[in-house]
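A quick write-up on the structure given underneath.
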Amino acid sequence: MSPRSWNPTTVVQGVLWILLGLFLWLEPGSASLPLFMDSVIQALAELEQKAPVTEASPTASVWQLSAQRSGPHDPLHHFLLQDWSLKATELDPTTLSPELHSLTEEVARHSVQGRQEYGVVLAPDGSTVAVEPLLAGLEAGLQGHRLINLPLDSTATPPDARDHSLDVRVTSPDDQASLPDAKAKVPTTVDSLLVVTLARDLGLAFLQGPQNRSHPGLSAEGCWDQLSAPRNFTLLDPEASPLTTAFLNGALDGALLGDYLTRAPKPRPPLSHLLSQYYGPGVAGDPTLRSNFRRQNGAALISAPALTQQVWGTLILLQRLEPAHPQLQGMSQEQLALVATHATKEFTEAFLGCPAIHPRCLWGAAPYRGHPTPLRLPLGFLYVHHTYVPASPCTTLASCAANMRSMQRFHQDTRGWDDIGYSFVMGSDGYMYEGRGWHWVGAHTRGHNSRGFGVAFLGDYTAELPVRAALRTVRDVFPRCAVRAGLLRPDYKLLGHRQLVPTDCPGDALFQLLRTWPHFDANVKLRTARRASRRSKRKPPPVTPTSQ
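According to the UniProt record's numbering, the sequence shown is numbered sequentially starting from 1.
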């Protein structure tokens, strides 16, 4: 076939299917490449370079791949994606380099076994991403047609759902707020993209004890054995559910990129180019196609009521396709609706509604010196700082992490403190960085460290303001998340560092903006003229150069 007859969309679809096939056909072994997202992108690029395709109808082996991607007998995947008209490729998948062969088998499936998480890779922005839900979203996005009618099988459908209307009895105001209305309609369609990326796993995870108001282990973080060549990822929460931060990152990325592919004009871009743009370092480019901002983009993609309907519809579909499903047997439509309501509420509030915080292990924190003092939670204050030095904001993981290590060295070695002083530090790369964290007394606001969290914007904001995304995180997302978790009182007060300590911190420009924020307390001021006169002479502790 001549290059002129190639269909670019078919190339993209064929390459994705070959990659999925490699994930499933390879024998177990040990990958020699580090588990980086860049290596997955490299595998895609290598396949795309060898991607002449035919116009033939799909082969039996391609459909077998479709069924096997989520398990050898997965009726849900088959039902949603069986009509994908995919052109078979002529490429021999064994031509992929041995190193990439090993990598693909390493990230074939996502799982959590004890505290070890498998099927995840480290992205350039510092986030850890599960590959399986990411590829599922790309697959569904390339299919194009996403709205799927639920099968009306009366033998598998409880009588109370056959008219598609159900009086759902809510058990708390929280349930009432999450449902579209008290007279909720039983879903008759589902969005295949949301089902394969998020809704199925979210619903199934919350089938166990949906009455519990707090789901243990949701969005658990973890640490890599080494950042230069990551191989093993260990979760910080020993009771983590499969809905880890890495899985939810991959699910959101799959949903966002799949939605983009659905809407993108043809010819669609090569997947390697799309993923390189999405996961590239820094914050340049379209913010709606950046992994740094997946949470806010995910919240914009689908509302909580809409997601509730998708999770509910997915559970109904699973129940109809698999009447003997062990988790769904005997579940009424009323119960499924409440599971979907609770799952959506936890996901939107505890994950989408919270800032993305890089743990200490990701920026290379040195150990705490001495014995940390626990905070008595919830706290009543939020103290805002700027680091002053370095003056330039950090927009990449490398620069932000180097700045964090530099500040910690200065605070420990020069100041003689036990650790970096701040509770959290806000970068300009879309991420917060864990300092002393939620539970330990910091060294950020002398005389007040045990009463509030100290959050610093990384940079000098005497004359300029932090980027909009960073401001929104500290003003809205961080405190709302902390209040919901019981770490910050609902009536907390927000103060600038200079209101309590003689300093210019957090900078004139930033402080003037703080005065307009909710919870700002303008009545708190330095009490003596002597202390006030020293303000202009004091600067926040300087930071040593960020080079290692």
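For every residue, glycine included, the Cβ atom is placed at its ideal position computed from N, Cα and C.
Helix, strand or coil: which one does DSSP assign to residue i?
{"i": "W363", "result": "helix"}
{"i": "H497", "result": "helix"}
{"i": "Y279", "result": "helix"}
{"i": "D413", "result": "helix"}
{"i": "M37", "result": "helix"}
{"i": "P490", "result": "strand"}
{"i": "W312", "result": "helix"}
{"i": "D201", "result": "helix"}
{"i": "Q49", "result": "coil"}
{"i": "F457", "result": "strand"}
{"i": "P230", "result": "coil"}
{"i": "K345", "result": "helix"}
{"i": "V441", "result": "coil"}
{"i": "G452", "result": "strand"}
{"i": "S291", "result": "helix"}
{"i": "F206", "result": "coil"}
{"i": "M331", "result": "coil"}
{"i": "E473", "result": "Checking the displayed sequence, the identity of residue 473 turns out to be Thr instead of Glu. Looking at T473 - three-state DSSP - the assignment turns out to be helix."}
{"i": "P518", "result": "coil"}
{"i": "P374", "result": "strand"}
{"i": "L76", "result": "helix"}
{"i": "V339", "result": "helix"}
{"i": "H273", "result": "helix"}
{"i": "L397", "result": "helix"}
{"i": "L236", "result": "coil"}
{"i": "A186", "result": "This sequence places Val at residue 186; Ala is not what is there. DSSP places V186 in coil when its eight states are reduced to three."}
Check for me: the beta strand (DSSP E) holding residue i runs from which residue to which?
{"i": "H386", "result": "L379 to H386"}
{"i": "residue 550", "result": "Residue 550 cannot be examined here, being either before or after the span of the chain that is shown, 1 to 548."}
{"i": "T189", "result": "T189 to D191"}
{"i": "F351", "result": "That residue, F351, is in no beta strand (DSSP E); it is neither H nor E in DSSP."}
{"i": "V425", "result": "F424 to M426"}
Counting only the same chain and skipping the five closest in sequence on each side, list residues whose C-beta sits under 7 Å from that of residue i.
{"i": "C481", "result": "G353, C354 and P355"}
{"i": "P490", "result": "V483"}
{"i": "P287", "result": "F293"}
{"i": "F79", "result": "L321"}
{"i": "T528", "result": "Annotation note: pLDDT 40 at T528 (below 50); position unreliable, no value reported."}
Rounded to the nearest angstrom, what separates residue i and residue j at their Cα positions?
{"i": "Q143", "j": "G258", "result": "9 Å"}
{"i": "V339", "j": "Q327", "result": "12 Å"}
{"i": "A246", "j": "L207", "result": "21 Å"}
{"i": "Q329", "j": "G421", "result": "52 Å"}
{"i": "Y461", "j": "H386", "result": "7 Å"}
{"i": "E48", "j": "S272", "result": "8 Å"}
{"i": "S111", "j": "A136", "result": "15 Å"}
{"i": "T188", "j": "L243", "result": "26 Å"}
{"i": "E434", "j": "P367", "result": "13 Å"}
{"i": "R475", "j": "W517", "result": "7 Å"}
{"i": "E346", "j": "M432", "result": "21 Å"}
{"i": "T348", "j": "A299", "result": "8 Å"}
{"i": "V40", "j": "A456", "result": "35 Å"}
{"i": "Q333", "j": "I316", "result": "8 Å"}
{"i": "G459", "j": "S219", "result": "29 Å"}
{"i": "R436", "j": "V196", "result": "37 Å"}
{"i": "M426", "j": "T262", "result": "34 Å"}
{"i": "L336", "j": "L248", "result": "21 Å"}
{"i": "K525", "j": "R268", "result": "58 Å"}
{"i": "R405", "j": "L236", "result": "21 Å"}
{"i": "Q310", "j": "A205", "result": "15 Å"}
{"i": "T473", "j": "I357", "result": "11 Å"}
{"i": "Q64", "j": "D74", "result": "Residue confidence for Q64 is low, a pLDDT of 31 falling below 50, so the modelled location carries little weight and cannot support an answer."}
Just to check my reading of the structure: residue i and residue j have Cβ atoms closer than 8 Å, yes? What is that Cβ distance to the nearest angstrom?
{"i": "L35", "j": "V129", "result": "At roughly 10 Å, the Cβ-Cβ gap does not stay under 8 Å, so L35 and V129 are not in contact."}
{"i": "R294", "j": "L256", "result": "6 Å"}
{"i": "T314", "j": "V190", "result": "6 Å"}
{"i": "L362", "j": "G250", "result": "With a Cβ gap of about 17 Å, L362 and G250 do not count as contacting."}
{"i": "L465", "j": "L510", "result": "6 Å"}
{"i": "S291", "j": "S127", "result": "6 Å"}
{"i": "L382", "j": "L487", "result": "The pair is not a contact, with the Cβ atoms about 11 Å apart (cut-off 8 Å)."}
Check whether the Cβ of residue i lies closer than 7 Å to any Cβ atom in chain D.
{"i": "V389", "result": "Structure shown: chain D not included; a single protein chain is present."}
Go to residue i, then tell me how far its alpha helix (DSSP H) extends in each direction, as first and last residue.
{"i": "residue 601", "result": "Lying before the first or after the last residue shown, residue 601 is absent from the chain, which here runs from 1 to 548."}
{"i": "G222", "result": "It is not in any alpha helix (DSSP H) - G222 instead sits in the beta strand (DSSP E) that spans G222 to W224."}
{"i": "V131", "result": "V131 to Q143"}
{"i": "S102", "result": "P98 to E106"}
{"i": "Y118", "result": "Element bounds for Y118: not the alpha helix (DSSP H) but the beta strand (DSSP E), Q116 to Y118."}
{"i": "L256", "result": "T245 to R263"}
{"i": "V112", "result": "Not the alpha helix (DSSP H): V112 falls in the beta strand (DSSP E), residues S111 to Q113."}
Could you name the residues of the same chain whose beta carbon sits closer than 8 Å to that of residue i, not counting the 5 residues immediately before and after it, in chain order?
{"i": "V441", "result": "P372, T373, P374, L375, N449 and S450"}
{"i": "M37", "result": "V121, L122, A123, P124, V129, L275 and Y279"}
Within its chain, find whatever has a CB closer than 6 Å to the CB of residue i; leave out the 5 residues flanking it on each side and keep chain order.
{"i": "F233", "result": "E117, V120, G222 and W224"}
{"i": "R446", "result": "V501"}
{"i": "L252", "result": "R294 and G298"}
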